[in-house]
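**Q**
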Amino acid sequence: MVKKQWKPVWAVVLTFALILSMFPMPTSALDKGKSTLVVVHYQEAPDNEKDWNLWLWANGPDYFPNKGFTFNGEDAFGKVAAYEFPVDSPEKIGLIVRTDNWDKDKGSENDRFITSDMIQDGVAEVWIKSGDPTIYTSNPDGETASTEIDMNVHYFRYDNTYTDWGLWAWPDGGDGQSITFDGADDFGAVANVKLANPESKRLMGLITKKGEWTEKDGEDRFVLGTAKEIWLVEGDSTIYYSEPQIDRSPKLVSFSADTFRQATLTTNRVITDAFIDELSVDGATVESIEKASDKSVTIQFKSDIDLAKVIKASHPEFGEQTLQAGKVLRSKEFDAKYAYDGKLGVTYQKSKTKFVLWAPTAQQVELELWNMPTNRPTNDKDLKKVIQMKRGERGTWVAEVRGDLDGIGYTYQVTHATGKVRAVDPYATAVGVNGDQGVIVDLKETDPKRWNSMKPKLKQSTDAIIYETHVRDFSIFDVKTDKYDSGIQNKGKYLGVIEPGTRLLVDGKKTATKTGLDHVKDLGVTHVQFIPVYDFNTASVDETNPMATYNWGYDPKNYNAPEGSYSTDPYDAKVRIMEMKQMIQGLHDNNLRAVMDVVYNHMFDAQASNLHKIVPGYYYRYTAGGDFANGTGVGNDTASERAMMQKLIVDSVVYWAKEYHWDGFRFDLMGIHDVDTMNKVRSELNRVDKSILVFGEGWDLGTPLDAELKANQKNAYDMPGIAHFNDNIRDGLKGSVFYDEDKGFINGKEGMENRVKTGIVGEIAYSDTIKGFTKEPTQAITYVEAHDNHTLWDKLTLTNPIASEVNKTKMHRLASSILLTSQGTTFLHAGQEFMRTKEGDHNSYKSPDSINQLDWKRAADRKADVQYMKGLIEMRKANPGLRMTKASDVKRFLTFHKAEANVITYTIDEDAPGQKNDLFITHNANPTNVQVSLPKGNWNVIVDGDRAGTKTIKRATGKVSVPAYKTFVLERN
4 MVKKQWKPVW AVVLTFALIL SMFPMPTSAL DKGKSTLVVV HYQEAPDNEK DWNLWLWANG
64 PDYFPNKGFT FNGEDAFGKV AAYEFPVDSP EKIGLIVRTD NWDKDKGSEN DRFITSDMIQ
124 DGVAEVWIKS GDPTIYTSNP DGETASTEID MNVHYFRYDN TYTDWGLWAW PDGGDGQSIT
184 FDGADDFGAV ANVKLANPES KRLMGLITKK GEWTEKDGED RFVLGTAKEI WLVEGDSTIY
244 YSEPQIDRSP KLVSFSADTF RQATLTTNRV ITDAFIDELS VDGATVESIE KASDKSVTIQ
304 FKSDIDLAKV IKASHPEFGE QTLQAGKVLR SKEFDAKYAY DGKLGVTYQK SKTKFVLWAP
364 TAQQVELELW NMPTNRPTND KDLKKVIQMK RGERGTWVAE VRGDLDGIGY TYQVTHATGK
424 VRAVDPYATA VGVNGDQGVI VDLKETDPKR WNSMKPKLKQ STDAIIYETH VRDFSIFDVK
484 TDKYDSGIQN KGKYLGVIEP GTRLLVDGKK TATKTGLDHV KDLGVTHVQF IPVYDFNTAS
544 VDETNPMATY NWGYDPKNYN APEGSYSTDP YDAKVRIMEM KQMIQGLHDN NLRAVMDVVY
604 NHMFDAQASN LHKIVPGYYY RYTAGGDFAN GTGVGNDTAS ERAMMQKLIV DSVVYWAKEY
664 HWDGFRFDLM GIHDVDTMNK VRSELNRVDK SILVFGEGWD LGTPLDAELK ANQKNAYDMP
724 GIAHFNDNIR DGLKGSVFYD EDKGFINGKE GMENRVKTGI VGEIAYSDTI KGFTKEPTQA
784 ITYVEAHDNH TLWDKLTLTN PIASEVNKTK MHRLASSILL TSQGTTFLHA GQEFMRTKEG
844 DHNSYKSPDS INQLDWKRAA DRKADVQYMK GLIEMRKANP GLRMTKASDV KRFLTFHKAE
904 ANVITYTIDE DAPGQKNDLF ITHNANPTNV QVSLPKGNWN VIVDGDRAGT KTIKRATGKV
964 SVPAYKTFVL ERN
């Protein structure tokens with residue numbers, strides 16, 4: 004809500020230009036050419052009582068901050084929000100007016116988009132109204148564009164000396180002029196800038212300078228030209244649109260170690276020779292102090308400093324500052340000195356338990372032991388014992404406690420130069436409720452009955468057909484009504500995944516429609532993939548009240564312990580472990596493998612994460628300015644290229660594979676990681692079981708890592724045995740996931756044949772015109788929908804709004820048919836077989852169960868579609884030629900044939916590895932029938948768009964008529 008005190012009593016007419024001087028922008032100065040300033044004016048309904056905010060994202064390039072932005076201003080039109088995106092003129096900026104509970108304002112039921120043509124001079128300024136889906140590029144209530152800039156610029160310098168200081172200002176693209184600070188107020192100096200702006204440019208450029216350019220304070224800055232007041236602070240690139248609070252006293256701002264023998268000290272005042280003379284450093288021997296810039300000095304030490312010791316810089320006027328481990332933490336020298344290759348975490352024995360924590364910069368570490376309550380979270384009264392840990396080798400801290408600690412909780416109290424902090428062991432394999440304590444457990448006691456390492460056979464990765472689901476979605480149906488029920492007792496739980504014999508209930512009575520495990524088993528897929536089941540953040544789902552909120556779980560808290568909200572008792576650390584094992588064993592017993600979705604690329608909150616608490620500054624990537632990197636779009640990127648983050652990832656994956664018998668790992672935002680780490684993951688998993696799948700999102704993400712090191716599609720050749728989601732065929736089939744109305748091959752876009760063909764061959768370098776990112780087809784995950792973005796059905800509703808239900812069903816089946824007849828590994832989204840809908844919600848990560856649940860009633864209603872998918876899977880399994888592993892074989896045994904527009908036709912030769920008969924495949928994306936010539940011989944139709952499988956539907960020779968939006972697969976007789 005906009006606070007009333009923000010409105011000045013002297014205002015007679017509020018305009019946006021005026022109000023911009025009254026609220027702070029959550030950005031630095033517009034980085035022209037790299038950033039886009041988004042300004043949204045919003046007029047809410049007259050009877051509104053809700054607290055609306057904005058959900059914003061950008062596409063092309065992609066930027067997903069994944070948070071809401073408040074309306075932090077007001078004008079005559081209504082509420083105003085402004086936000087700077089760190090991307091230059093994106094193709095599209097999406098916005099939703101919503102509450103924190105994801106109630107959407109009328110007009111936001113479907114996403115609104117600011118398109119590139121609405122962005123002028125680096126500014127995307129729009130007006131929207133409640134109940135009106137239109138985005139206006141000018142005030143619909145009327146206004147006149149200003150042809151003059153009239154702005155007061157307030158400037159603060161820490162030395163309070165403004166003689167000769169002034170501005171160079173210019174309307175964007177126009178001529179500049181020099182302006183002096185000829186006024187003053189309580190903030191500092193004031194200059195009035197008046198410039199002619201005949202073209203009504205949105206931005207004004209300015210430089211703070213001294214005299215005739217003898218000195219500059221910062222680089223070029225660009226501000227919104229309609230603002231009436233802005234505030235500038237010496238040494239700060241931020242443009243403030245309201246007066247900032249400034250600590251005006253002289254101080255040492257930061258003191259950080261760059262190397263083991265060098266540190267940088269910064270101040271908020273210009274440094275003089277006298278300052279250096281009066282500066283002292285305690286805790287290390289200084290060799291020299293030299294001025295590095297106006298407000299910083301470089302301090303050289305005579306010998307390597309101990310980062311765990313307190314080293315302080317002090318000055319009689321500026322105060323003192325404690326040395327922090329800075330850039331040195333991210334150096335090769337640091338890893339060379341401290342990287343530890345031994346076992347970390349807890350080693351339990353009935354007679355004693357050993358604890359090992361890696362914390363090389365800690366001054367002291369204490370082990371805290373807790374009694375764990377059986378029905379509530381812990382409190383301070385549950386703290387049982389505190390034990391001083393001892394320094395071990397290479398930055399480790401160790402302790403050994405005698406006695407049987409099975410079931411006892413533990414945390415670490417870590418002391419740094421800046422104080423104490425409590426953290427959970429990053430290697431904790433069991434946790435208490437909400438993951439706030441690690442728990443020591445005898446893991447042997449968590450093994451279920453018949454626990455064994457036997458699993459379904461998998462000859463090669465392309466034999467896999469992956470079915471992606473969410474533990475809760477799988478069984479929770481139906482939260483909308485009491486009439487229908489999944490028939491699963493353990494709703495939303497690990498155990499609910501493996502309940503046998505369940506059927507859709509209607510008014511409490513069993514129907515013939517299989518649900519849950521029986522449905523998936525009958526469908527014929529080989530792998531069930533679960534989106535996050537590690538312990539995720541309490542803010543997403545509170546384990547003490549798990550049904551209060553919903554979340555996908557891409558918010559890691561403890562990497563090596565299961566999520567408790569899916570267990571029947573989140574207070575007992577062993578229960579979640581045992582029940583996850585039961586789930587995996589149950590899947591194996593039913594000839595299904597299990598894939599785990601792992602999210603090592605970021606943590607829910609970097610500052611609050613256990614990693615940062617224990618070794619601050621090490622585990623994450625940073626920008627040149629010292630901020631957390633944000634290639635993930637969620638506020639932080641982990642640094643897999645650093646030895647101990649790499650070790651954590653590799654150790655964690657191997658632990659899950661060995662202890663739980665997981666059969667595959669899907670790496671979220673894999674492109675954040677480095678190639679070497681992913682190759683080590685593959686190598687170490689090969690030691691466990693070579694059939695374990697490793698694949699991920701190999702997107703090219705904007706993280707500070709050299710391009711050739713990123714584990715993305717562009718470097719797929721350097722990552723053998725690791726597959727990437729194929730967004731090329733995904734968007735080629737249905738249209739871009741970033742543009743709601745964009746179409747693809749199946750729904751009416753012309754000229755998509757070669758793009759889809761590239762996906763059909765598994766993205767290999769098949770020819771000069773059909774060439775993708777993989778070296779071998781085993782590196783392609785072939786899919787058309789997943790948990791992210793719109794379901795295919797919802798996408799078709801947007802791209803083809805007037806298409807009949809019958810035609811949308813045909814298009815949907817056509818997409819699935821292409822997937823199941825393509826090289827690579829097939830990936831299906833749970834419910835894709837019955838054309839799942841999320842009611843148009845493209846990002847349902849925290850939407851209610853009513854949106855996310857698997858609708859088993861829809862499965863019953865679309866029984867024919869389920870049977871069709873089942874038939875496609877049966878057909879794929881029966882034809883090894885659709886699952887080749889070598890690019891050379893694909894090029895030799897898969898041949899495309901000439902076809903008319905919007906038709907793709909190819910054969911699979913009977914001599915392909917394992918293949919028994921020739922296959923002839925045709926995909927017709929036209930709205931009319933097409934006549935397709937067959938190779939010589941007699942052919943049996945086994946897929947015709949209505950039915951699919953291995954049995955002959957009809958026989959054909961010479962030619963075959965392929966109906967609109969359908970696939971034909973024929974087998975040579």
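The sequence shown begins at 4 in the numbering used here and counts up one residue at a time. Built from N, CA and C at the ideal position, the CB exists for glycine as well.
(1) Rounded to whole angstroms, how far is the Cβ of G329 from the Cβ of G620, which I believe are closer than 8 Å?
(2) Per DSSP, which one or two residues make a beta bridge with E218?
(3) Report, in whole angstroms, the separation of the C-beta atoms of L98 and I117, which I expect to be a contact under 8 Å.
(4) Can you name the start and end residues of the beta strand (DSSP E) that H419 belongs to?
(5) If you scan the stretch 793-870 from start to end, which runs of the beta strand (DSSP E) of 3 or more residues do you find wholly inside it?
(6) Who are the Cβ neighbours of T73 in its own chain at under 6 Å, not counting the five residues just before and after it?
(7) Would I773 pass as a contact of G827 if the rule is Cβ separation under 8 Å?
(8) Have a look at the DSSP bridge pairing and note the partners of Y487.
(9) Take F190 and list the residues in its own chain whose beta-carbon comes closer than 7 Å to its own, dropping the five residues that flank it on each side.
(10) Looking at Y470: is its Cβ nearer than 8 Å to the Cβ of V528?
(11) Go ahead and label S24 buried or exposed: buried means 16 or more other beta carbons lie within 10 angstroms of its beta carbon, across all protein chains shown.
(12) Please report the straight-line C-alpha distance between L590 and I501, rounded to a whole angstrom.
(13) Count the other CB atoms within 10 Å of the CB of P201; is the residue buried (16 or more) or exposed (fewer)?
(14) Under 8 Å, with one C-beta from each stretch per pair, do the stretch 459-473 and the stretch 608-617 reach the 3-pair mark?
(15) Tell me which same chain residues have a C-beta within less than 8 Å of the C-beta of G625, skipping the five on either side of it?
(16) Indicate the three-state DSSP secondary structure (helix, strand or coil) for H522 in the structure shown.
(17) Apply the 10 Å Cβ neighbour rule to P565 and answer buried if 16 or more other Cβ atoms are within range, or exposed otherwise.
(18) Does DSSP put D677 in a helix, in a strand, or in coil?
(19) Start and end of the alpha helix (DSSP H) containing V656?
(20) Give the straight-line distance between the Cα atoms of N155 and V618, rounded to the nearest whole angstrom.
(21) Check whether the stretch 866-881 and the stretch 469-488 are in contact - that is, three or more C-beta pairs closer than 8 Å.
(22) I need the straight-line Cα distance from A642 to E52, nearest angstrom please.
(23) Can you tell me where the beta strand (DSSP E) holding F258 begins and where it ends?
(24) Based on the DSSP secondary-structure assignment, which residues constitute the bridge partners of L973?
(25) What separation, rounded to the nearest whole angstrom, lies between the Cα atoms of D239 and G134?
(26) Compute the beta-carbon to beta-carbon distance between Y720 and K661, rounded to the nearest angstrom, for a pair I have assumed lies under 8 Å.
(27) Using 8 Å for Cβ pairs, my map puts V2 next to D261. What's the rounded Cβ distance?
(28) Taking 8 Å as the threshold (C-beta atoms), are T39 and D120 in contact?
(29) Hey, V368 and I443: beta-carbon distance below 8 Å or not?
(30) Would you tell me roughly how many angstroms separate the C-alpha atoms of G490 and L507, rounded to the nearest one?
(31) For a minimum of 3 consecutive residues, which ranges assigned as the beta strand (DSSP E) are wholly contained in the stretch 690-771?
(32) When the Cα atoms are used, what is the spatial distance from L370 to K860?
(33) Which of the three DSSP states is assigned to F80 in this structure?
(34) For T432 and G441, I'd like the C-alpha separation in whole angstroms.
(35) Taking M154 as part of the beta strand (DSSP E), name the residues at either end of that continuous run.
(36) By Cβ distance below 8 Å, which residues in the same chain neighbour K95 in space, the five residues on each side in sequence not counted?
**A** Based on what the coordinates show:
(1) 7 Å
(2) K213
(3) 7 Å
(4) 412-419
(5) 828-832
(6) N56
(7) no
(8) V509
(9) H157, F159, W234, E246
(10) yes
(11) Low local confidence applies: a pLDDT of 34 at S24 is under 50, so the model's placement there is unreliable, with the coordinate-based value given in what follows. Classification of S24: buried, given that the 10 Å Cβ count is 16 or more.
(12) 7 Å
(13) exposed
(14) no
(15) The sequence as given places Tyr at residue 625; Gly does not occur at that position. Around Y625: R333, F631, A632, P707.
(16) helix
(17) buried
(18) strand
(19) 646-663
(20) 45 Å
(21) no
(22) 44 Å
(23) 255-262
(24) F923, V944
(25) 41 Å
(26) In fact, because the Cβ distance is near 30 Å, the residues do not count as touching under 8 Å.
(27) The structure shown does not extend to residue 2, since the chain is modelled only from 4 to 976, so the question has no answer here.
(28) no
(29) no
(30) 6 Å
(31) 696-699, 726-728
(32) 52 Å
(33) coil
(34) 7 Å
(35) 151-159
(36) A61, N62, G63, F116, I117, T118, S119, F741, Y742
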